[in-house]
Every structure is written in structure tokens, then in C-alpha cells.
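Just so we're aligned, residue -17 is where the sequence shown starts under the working numbering, counting upward by one. Glycine included, C-beta positions come from ideal geometry on N, C-alpha and C. These notes concern the structure reproduced below.
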Amino acid sequence: MKQSEIKELSVAELQEKLGEFKKNYADLKMAHAITPLENPLQLRKARRTVARLATELTKRELQ
């Protein structure tokens, strides 16, 4: 997800998406440990999306 898309989401939607992306990242990581992924850059993309969502949530909590 792009940062502009993340900024448009509500707090509830952010929390929901964060849960989805964390699960997706964990699944990718497990699959990569068993059999290397065809495109390992998926891991980086998923990890960074999780970080973007978590950062936006924290930013909104502090405001």
C-alpha cells in the first residue's frame, strides 16, 4: 500500500489492515523458510507495508 492510501483509512480500518498484513507477512516468511520464494522481494514489501501501517496508527494515537 502507498502512504497516500494509508492516510485515507480510518483507525479501525488501519487496525484491520495491519492484522491482515502481519498474517500475510508471517505466512510468506514461513513459506520462504520451507521453500525459497520465487520472488523474495515480496518479504521486504510486506514488512515495509506493516511498518507503514503501524507508524500511521502510532502517529494518530499521539495526536
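request  = State the Cα-Cα distance for the pair Met12 and Ala33, rounded to the nearest angstrom.
outcome  = Locating residue 12 in the sequence shown gives position 30, where the first residue counts as 1. Locating residue 33 in the sequence shown gives position 51, where the first residue counts as 1. Approximately 19 Å, taken between the alpha carbons.
ask   = Where Leu23 and Lys5 are concerned, what is the direct C-alpha to C-alpha distance, given to the nearest angstrom?
value = For the purposes of this step, residue 23 is taken as residue 41 along the sequence shown, with counting starting at 1. For the purposes of this step, residue 5 is taken as residue 23 along the sequence shown, with counting starting at 1. Looking at the two C-alpha atoms, the distance is approximately 17 Å.
ask   = Taking C-alpha atoms, which residue in Val(-7), Lys27, Glu43, Lys41 lies nearest to Met83?
value = The requested residue 83 does not occur in the structure, where the chain is confined to residues -17 to 45.
ask   = What did DSSP end up calling Thr17 once you bin it into helix, strand or coil?
value = Position 35 of the sequence shown, counting from 1, holds the residue named residue 17. If DSSP states are grouped into helix, strand and coil, Thr17 belongs with coil.
ask   = What are the boundary residues of the alpha helix (DSSP H) that includes Gln(-15)?
value = Working through the sequence shown from its first residue, we reach residue -15 at position 3. Gln(-15) -> alpha helix (DSSP H) spans -15 to -11.
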